[in-house]
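K.L.:
The structure that follows is given in the form of structure tokens.
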Amino acid sequence: MHASFPILSALVLLPILGAVLITIISNKHLEFVKLIAMLFSVGVGGMSIWLLASFHSHDSGFQFVSQHEWVTSWGISWHLGVDGVSLFLVVLTGILFPLVILGVDPHHDHKRYLAWLLLLEAGVMGSFLSLDLFLFFIFFEIVLVPMYFLIGGWGYDKRVYAATKFFLYTMLGSAFMLVGIIATAVIARRDIGYLTFDLVTLAEQASFATNTGRWLFVSFAIAFAVKVPIFPLHTWLPDAHTQAPTGGSVILAGVLLKMGTYGFLRFGLYLFPSAAVWAKPVLLTLAVIGIIYGAIAATMQTDLKRLVAYSSVAHLGFIVLGIFAITSQSLTGSVMQMVNHGVSTGALFLLVGMIYERRHTREIAELRGIQSVAPIFSAAFMIVMLSSIGVPGLNGFAGEFLILIGSFQSARWWTIVAATGVILAALYLLWAYQRVFHGEPDEANSSFAEMTLREGALLMVFIGLIGFTGLYPKPMLERIEPSVDKLVEHVVSHSDYRTPTTPNIVVEPHGEKAGE
Amino acid sequence: MVFAATLDGPSVPWVELIPILALLAGTCFLLLVGSLVPTWPRRGYAWVTGISTTVAIVANAVKWNNLYYNKGETFFADAIAIDRFSVLASITICLAVILSALMLSAYLVRMNADGPELYALLLTAAIGALVMVSANDLIVLFLGLETLSLSLYLLAASNREREQSQESGLKYFILGGFSSAFFLYGVALIFGSTGSTKISGIGEALSGSISIVDTDAMLLVGIGMLLVGLGFKVSAAPFHVWTPDVYEGAPTPVTAFMASAGKVAAFAALMRVLLVGLEQRVDDWRPVVWALAILTVFTGSILAVVQTNVKRMLAYSSISHAGFILVGVEAAAHMSGDGIASSMNYLAIYTVLVMGSFAVVLALSGHTDGDTNLADFRGLAKRRPALALAFTVLLFAQAGVPLTAGFVAKFAVIKSAVEADSYVLAVAAMVAAVIGAYLYLRIAVSMWLEEPASDSEITIDPAVVVVIAIAVVATLVVGFFPELLLHATRLARFAPR
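Protein chains in written order, with my numbering: chain A, 2 to 517; chain B, 450 to 946.
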């Protein structure tokens with residue numbers, strides 16, 4: 002549409018090509034394998050940044066659309082597009098994968114590891130770009146396979162258990178969604194006149210009877226709730242995160258979980274607005290329980306990686322809160338926070354991975370006094386941790402603040418309880434920091450190596466993103482907002498939900514408000 | 450419709466019978482020339498089998514094209530129906546024969562027991578299957594069923610070096626005979642209440658008159674008996690108990706044939722009987738099929754989880770697949786949507802998957818064809834990465850992972866169930882599929898994530914390589930571009946009455 006080059010298709014297909022090339026190449030040329038993985042992932046990353054640069058910031062619709070017929074008898078097309086909701090997730094995916102490929106060493110079987118990673122990248126990209134329910138489901142589900150092998154092949158002691166649990170849990174959720182997707186298309190055929198899985202057509206032209214819409218929404222919601230994960234469907238997450246290799250954890254936390262929250266936005270709210278409004282109280286409650294429960298559970302952990310994993314449950318709770326508060330600000334905050342969480346938790350997992358590389362333990366009790374032997378490492382950990390807590394000036398604050406402000410207007414009591422989660426986050430992270438980094442190092446910890454140049458360069462990217470978004474969120478907000486406003490309008494016009502009339506609080510004084 | 454009281458038999462349309470005649474010619478050639486000429490060129494028997502089956506496929510393909518202008522017709526005084534449904538099922542069966550013959554050649558060469566007998570039995574089994582899919586008369590259907598079954602009993606027991614093989618043949622024979630009795634009794638009762646053994650004739654009798662109210666109980670018992678008999682053949686729960694033992698004991702190529710062609714034939718017969726003959730009594734049998742479907746998907750996938758032998762695992766997974774096809778049959782009962790098409794689609798795809806999977810099992814099963822425990826698959830990725838990758842593709846396809854043919858099959862069936870408003874069935878089947886996925890993951894874990902038990906060289910017969918390659922390529926091609934197969938199966942219709 003805007004560009005003759007099908008950039009979105011390239012974003013999905015290039016990693017697949019890379020994976021195939023890697024599989025074909027002989028195992029003897031390991032350097033070659035690494036080079037290809039690097040070239041392809043960096044290429045995709047570069048393209049995603051180019052996408053960001055040429056994205057029209059005030060256009061609320063889908064851009065760079067690419068649409069081709071695929072399975073005509075089922076009304077399925079290869080329909081990709083990007084808007085303000087998915088743009089930054091695509092960019093995050095594009096940036097995170099090369100960083101993981103360059104920065105994290107899997108220690109064995111590089112060839113297969115890299116091939117799976119590239120396939121995973123294709124699946125994640127496809128999920129964020131698909132505008133066809135069938136296509137989305139394919140990518141959503143195919144992601145399980147590489148992730149399963151990454152956890153199972155390169156993880157820690159209980160990796161097979163964790164990988165299997167992850168696979169089956171998510172597949173069970175998707176099973177309901179598959180029936181839901183088919184039912185949506187079949188039922189909508191009565192309104193539209195032909196069978197189609199096209200998201201935009203379905204959302205704009207189909208209307209579902211109240212109960213039907215609710216059932217359909219529930220079938221989608223189960224799949225997304227498992228993926229996010231929303232309490233009480235979260236139990237796969239700590240296992241998967243703890244057992245996954247560092248690279249897998251970074252990707253899992255960074256982008257994979259966002260497929261759930263993104264799904265709620267893109268498919269839940271957009272397709273079934275009135276059902277989403279109906280389910281609002283339940284999901285808000287579960288989100289708040291997730292925030293508090295995740296924080297408390299994180300406090301109790303003795304394993305540093307598990308702690309970060311549970312903090313994810315809490316953070317994702319905030320994002321879900323923002324989504325189902327359904328105000329322009331809360332949704333904008335949620336989209337922003339999806340990216341922020343990806344950056345800061347991704348970086349936290351990297352740091353925990355570096356600690357494990359050095360000490361071969363993640364037990365908090367066995368770590369002590371690292372600050373005095375590795376000050377730069379500790380400083381990096383501190384910055385990333387503060388971003389995760391949501392300290393003003395860093396990225397976590399901007400997102401969380403928007404979510405809380407937006408949600409307060411439409412979901413007051415939930416927001417009040419949720420806000421205590423911010424304090425709890427400070428509690429568990431600072432306490433963990435204190436135990437690990439402060440004090441006198443004992444014998445085992447006194448030889449803790451300082452950050453290497455490569456690790457430092459890797460983390461600088463993350464810290465740069467943390468600082469930039471924290472200090473200057475405007476470019477990000479003005480790209481997210483038009484699409485989010487359009488989504489809120491869609492919900493309002495397709496349900497009896499009305500956005501709260503409290504005056505909008507202008508977050509960035511110089512920013513002009515898009516929309517009405 | 451009572452058989453004419455003349456001495457002239459029905460005219461024989463030889464052209465329509467070319468597929469069956471080709472297989473028969475192959476059988477005769479194998480047996481006659483096989484006994485006259487003691488030494489054949491390497492794989493000569495397999496070639497004869499393959500050529501005669503190819504002729505059958507070509508004849509069917511031509512027929513498929515000719516059926517473009519009409520919807521098929523019945524021959525032999527309505528005893529045989531040739532329509533696109535039967536043609537498609539025949540082609541699937543013939544493909545299964547070719548792939549099985551390839552596997553059989555590898556198996557026999559390895560056992561040092563190459564000979565014409567098993568190929569001849571394979572062809573007679575296929576003849577029975579072809580008769581079943583186009584039978585328009587319950588008696589003819591029974592003849593086909595018995596031809597298929599008798600050949601399979603012998604094939605299953607053919608490995609004299611393994612006790613399990615003998616046991617498998619005997620078990621299949623006794624239980625199969627039992628189920629045939631049920632089937633025959635059902636035929637008799639239905640004939641008693643409708644006055645016809647012709648499937649289309651039964652349909653006419655049921656739609657036309659009210660006079661059969663008196664014999665309603667008889668008819669219902671008859672329908673029930675038929676369902677038991679055919680349910681046994683498709684290994685639907687609770688008539689599935691023979692499946693794991695027989696599948697495990699029979700020589701692997703035979704198992705593959707049983708699981709694919711046997712199932713296609715039985716399902717085609719089941720669908721024709723239910724949807725053409727008993728269409729009017731759909732409200733009576735649909736709930737039964739509904740219950741069978743749910744029971745079968747769950748029995749198959751839950752029991753598969755606790756197995757330790759890969760052949761038994763695949764046996765249970767084949768039960769679960771049968772449940773999925775029953776979901777399609779149940780959807781077809783609603784006479785809306787494309788239940789028939791989705792069932793045929795599933796059968797065709799499943800045939801390829803099961804052939805590929807058992808070919809991998811055959812490649813690893815050792816000299817005696819007995820090393821099929823999960824432990825034998827341990828660390829396969831380190832010993833033969835390509836083989837492990839191929840098996841993984843096939844397993845994930847069976848689990849229904851997208852971009853494989855297995856997903857297309859499941860999607861089509863679920864779609865037809867949803868279109869028929871059978872939401873409970875659709876959800877139950879998907880949940881069962883997730884439970885079943887654990888099984889495939891277990892095999893994948895064994896292959897990829899565990900250390901090999903032995904480092905002995907695995908030699909794979911080229912014929913097996915061909916089968917696996919065909920299966921994997923077909924799985925992926927259909928997974929990415931399902932349109933062609935969907936189009937073909939949608940055209941699969943029954944001949945008008």
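Cβ coordinates follow ideal geometry from the N, Cα and C atoms, glycine included.
What you are looking at is a predicted structure, and each value in this text was computed from that prediction instead of being measured.
CA-CA distance, residue 731 of chain B and residue 856 of chain B?
P.N.:
29 Å
K.L.:
Residues of chain A with a CB under 8 Å from the CB of residue 867 of chain B: which are they?
P.N.:
180, 183, 184, 187
K.L.:
Can the beta-carbon of residue 61 of chain A be found less than 8 Å from the beta-carbon of residue 487 of chain A?
P.N.:
Contact: yes.
K.L.:
What does DSSP give as the partner residues of residue 524 of chain B in its beta bridges?
P.N.:
Residue 524 of chain B is bridged to B:529.
K.L.:
Looking at the structure shown, is residue 595 of chain B part of a helix, part of a strand, or coil, going by DSSP?
P.N.:
Residue 595 of chain B: helix per DSSP, three-state reduction.
K.L.:
Could you tell me the alpha carbon to alpha carbon distance between residue 268 of chain A and residue 204 of chain A, rounded to whole angstroms?
P.N.:
About 9 Å.
K.L.:
For residue 72 of chain A, report the span of its beta strand (DSSP E) as first-last.
P.N.:
64 to 72
K.L.:
What does residue 73 of chain A reach in chain B if we use C-beta pairs closer than 9 Å?
P.N.:
In chain order: 932.
K.L.:
Which class does residue 906 of chain B belong to by DSSP, given the choice of helix, strand or coil?
P.N.:
coil
K.L.:
Looking at the secondary structure, which residues open and close the beta strand (DSSP E) in which residue 82 of chain A lies?
P.N.:
For residue 82 of chain A, the enclosing beta strand (DSSP E) covers residues 77 to 83.
K.L.:
Ordered along the chain, which non-local residues of its own chain (more than five positions away) have a Cβ less than 8 Å from that of residue 691 of chain B?
P.N.:
Contacts found: 620, 621, 624, 625, 681, 684.
K.L.:
When you compare the stretch 918 to 926 of chain B with the stretch 796 to 805 of chain B, are there three or more beta-carbon pairs, one atom per stretch, that lie closer than 8 Å?
P.N.:
Yes: at least three Cβ pairs fall under 8 Å.
K.L.:
Compute the Euclidean distance between the alpha carbons of residue 165 of chain A and residue 793 of chain B, then round it to the nearest angstrom.
P.N.:
32 Å
K.L.:
For residue 423 of chain A, which residues from the same chain have a beta carbon less than 7 Å from its beta carbon, with the 5 sequence-adjacent residues on both sides left out?
P.N.:
391, 401
K.L.:
Excluding the five sequence neighbours on either side, which residues of its own chain have a C-beta within less than 6 Å of the C-beta of residue 931 of chain B, listed in chain order?
P.N.:
857
K.L.:
What did DSSP end up calling residue 1 of chain A once you bin it into helix, strand or coil?
P.N.:
Here chain A comprises residues numbered 2 to 517, so residue 1 of chain A is not present and cannot be evaluated.
K.L.:
Report the residue ranges of all alpha helix (DSSP H) runs contained in full by the stretch 422 to 505 of chain A; include only those spanning at least 4 residues, in chain order.
P.N.:
DSSP runs (the alpha helix (DSSP H)) wholly in the stretch 422 to 505 of chain A: 454 to 472, 475 to 494.
K.L.:
Quick check: is the beta carbon of residue 634 of chain B nearer than 8 Å to any beta carbon in chain A?
P.N.:
Taking Cβ atoms only, chain A never reaches closer than 8 Å to residue 634 of chain B, which makes this a no.
K.L.:
If you measure between the beta carbons of residue 632 of chain B and residue 591 of chain B, is that distance less than 8 Å?
P.N.:
Closer than 8 Å, so yes.
K.L.:
Assuming residue 518 of chain B is part of the alpha helix (DSSP H), what are its boundary residues?
P.N.:
Run containing residue 518 of chain B: none; DSSP gives neither H nor E here.
K.L.:
Comparing the C-beta of residue 173 of chain A with each C-beta of chain B, is any distance below 8 Å?
P.N.:
yes
K.L.:
Taking 8 Å as the CB-CB cut-off, is residue 26 of chain A touching chain B?
P.N.:
Closer than 8 Å to the CB of residue 26 of chain A there is not a single CB belonging to chain B.
K.L.:
Can you list the alpha helix (DSSP H) stretches of 4 or more residues lying completely in the stretch 282 to 345 of chain A, in chain order?
P.N.:
305 to 326
K.L.:
Please tell me whether residue 872 of chain B has its Cβ less than 8 Å away from any Cβ of chain A.
P.N.:
yes
K.L.:
Given a cut-off of 8 Å, decide if residue 542 of chain B and residue 578 of chain B are closer than it, judged by their beta-carbon atoms.
P.N.:
yes
K.L.:
Along the stretch 198 to 222 of chain A, what residues have a CB closer than 7 Å to any CB found in chain B?
P.N.:
none
K.L.:
With 8 Å set as the bound, which would you pick, yes or no: does the beta-carbon of residue 775 of chain B sit closer than that to a beta-carbon of chain A?
P.N.:
No, residue 775 of chain B lies away from the interface with chain A (no Cβ there is under 8 Å from its Cβ).
K.L.:
Any Cβ of chain A within less than 8 Å of the Cβ of residue 936 of chain B?
P.N.:
yes
K.L.:
For residue 14 of chain A, which three-state DSSP category applies?
P.N.:
Three-state result, residue 14 of chain A: helix.
K.L.:
Compare the beta carbon distance of residue 261 of chain A and residue 229 of chain A with 8 Å and say whether it is the shorter of the two.
P.N.:
yes
K.L.:
Helix, strand or coil, according to DSSP, for residue 758 of chain B in the structure here?
P.N.:
strand
K.L.:
Pair every Cβ in the stretch 129 to 144 of chain A with every Cβ in the stretch 74 to 84 of chain A, then say whether three or more of these pairs are closer than 8 Å.
P.N.:
For the pair of segments examined, the stretch 129 to 144 of chain A was found to touch the stretch 74 to 84 of chain A: the number of CB pairs separated by less than 8 Å reaches three.
K.L.:
Within 10 angstroms of the Cβ of residue 448 of chain A, are there 16 or more other Cβ atoms? Answer buried if so, exposed if not.
P.N.:
exposed
K.L.:
Taking all protein chains shown into account, do 16 or more other C-beta atoms lie within 10 angstroms of the C-beta of residue 495 of chain A, making it buried, or fewer, making it exposed?
P.N.:
buried
K.L.:
Which one or two residues does DSSP pair with residue 822 of chain B in a beta bridge?
P.N.:
B:758
K.L.:
Residues of chain A with a CB under 7 Å from the CB of residue 883 of chain B: which are they?
P.N.:
169, 172, 173, 176
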